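*Asks:*
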Amino acid sequence: MPLTGTGDVVAAARAAGHGVAAFNVIQLEHAQAIVAGAEAAGSPVVLQISENAVRYHGALAPVGLAVLAAARAANVPVAVHLDHATSAELVDEAVELGFGSVMFDASATEYEKNVRATADVVARCHAAGVWVEAELGEVGGKDGVHAPGARTDPAEAAAFVAATGVDALAVAVGSSHAMTTRDARLDFGLIAALHAAVPVPLVLHGSSGVADRDLARAVEAGMTKINMATHLNRVFTNAVRRALADDGNLVDTRRYLGAGRLAVGTEVTRLIAVLRAA
Ligand code: G3H
Ligand code: ZN
């Protein structure tokens with residue numbers, strides 16, 4: 103199965119009324135687990151690498167090329183996406199490496215500046231056939247910068263999409279990045295209003311804090327791309343912790359990272375079913 107564009111994966115999910123999971127990759131084991139979980143579900147998936155993860159690795163290419171290779175070897179459609187890029191140079195690098203999509207995040211800047219910077223990135227990406235997600239209205243909680251009560255205005259969102267030409271829009275509807283409890287309260291009425299006002303697919307960020315039933319409800323109300331990172335890291339780390347606790351003499355990294363990888367794969371399969379049940 104070839105590496106598939108995020109635009110194709112998202113469009114197919116939207117047409118079917120499903121949500122598509124976009125899971126963040128930090129280590130190679132994440133990519134392997136997410137692909138295995140999607141294969142077990144028989145469903146497409148998006149692998150995404152954030153600018154923060156690039157910073158952790160020191161460069162995009164080593165982790166990016168490994169993730170592209172994992173996607174190319176999958177037996178279900180797998181897309182590779184650059185997540186939360188604030189640097190236009192990093193966007194250009196991802197396009198050069200063969201990523202099918204990017205999220206350009208200028209949401210911390212004021213509206214007119216966000217429009218100009220995003221439109222510029224869209225023009226360059228579209229010339230290369232790359233799909234672009236942008237953000238309007240900060241998704242609460244990240245690094246203490248965003249207000250937890252942030253909300254995206256539907257009329258402003260429609261104007262932003264028209265002015266920039268973006269292919270998908272991340273909106274603030276009550277979720278918050280990096281939650282370790284799944285009790286965020288989404289504004290389903292706002293999701294429906296945004297869905298009615300905005301002609302492109304909507305993206306839910308900070309989905310780790312959202313309970314299963316509310317993820318399904320968010321898809322029903324109009325969300326399509328469901329971004330999740332922290333929850334899978336929690337599953338991974340809990341499995342590693344158990345493996346290390348079970349055997350105090352364990353030194354082979356494959357033994358405990360493999361346990362994390364297995365647990366994440368199982369959870370990915372389960373979450374994909376939640377998003378498709380909507
Ligand atoms: O862009 C990635 C996500 O919004 C992940 O957020 O770690 O809260 O699931 P999360
Ligand atoms: Zn996010």
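Position one of the sequence shown corresponds to residue 103 (this note's numbering), numbered consecutively onward. Glycine residues also receive a C-beta, built at the ideal position from the N, C-alpha and C atoms. Predicted, not measured: the structure shown is a model, and the values here were computed from it.
1. Would you kindly work out how many angstroms separate the C-alpha atoms of residue 347 and residue 220, rounded to a whole number?
2. Counting pairs of Cβ atoms below 8 angstroms between the region 272 to 283 and the region 330 to 338, do you hit three or more?
3. So, are the CB atoms of residue 233 and residue 311 less than 8 angstroms apart?
4. Counting C-beta neighbours from all protein chains within 10 Å, is the total for residue 146 16 or more, i.e. buried, or is it exposed?
5. In or out: residue 308 buried (at least 16 other Cβ within 10 Å) or exposed?
6. Between residue 185 and ligand 1, is there a pair consisting of the residue's CB and a ligand heavy atom that are separated by less than 7 angstroms?
7. Closest to residue 175 by C-alpha separation, out of 137, 151, 328, would be which residue?
8. Taking the straight line between their C-alpha atoms, what separation do you get for residue 442 and residue 223?
9. Would DSSP call residue 246 helix, strand or coil?
10. Provide the residue(s) that pair with residue 281 in DSSP beta bridges, ordered along the chain.
11. Is the distance from the Cβ of residue 268 to the Cβ of residue 236 below 8 angstroms?
12. Name the one or two DSSP bridge partners that residue 125 has.
13. Can you tell me whether residue 209 is helix, strand or coil according to DSSP?
14. Please report the straight-line C-alpha distance between residue 202 and residue 182, rounded to a whole angstrom.
*Replies:* Reading it off the structure:
1. Straight-line spacing of the CA atoms in residue 347 and residue 220 works out to 47 angstroms.
2. yes
3. no
4. Counting the other CB atoms within 10 Å of its CB gives residue 146 a total of 16 or more, which places it among the buried residues.
5. buried
6. yes
7. 137
8. Residue 442 cannot be examined here, being either before or after the span of the chain that is shown, 103 to 380.
9. Low confidence applies to residue 246: its pLDDT is 36, below 50, so where it sits in the model is not reliable, and the reading given next is rough at best. Three-state DSSP puts residue 246 in a helix.
10. In the DSSP output, where bridge partners are listed per residue, residue 281 has none listed.
11. Yes. Within cutoff.
12. 149, 330
13. coil
14. Cα to Cα, the separation comes out at about 6 angstroms.
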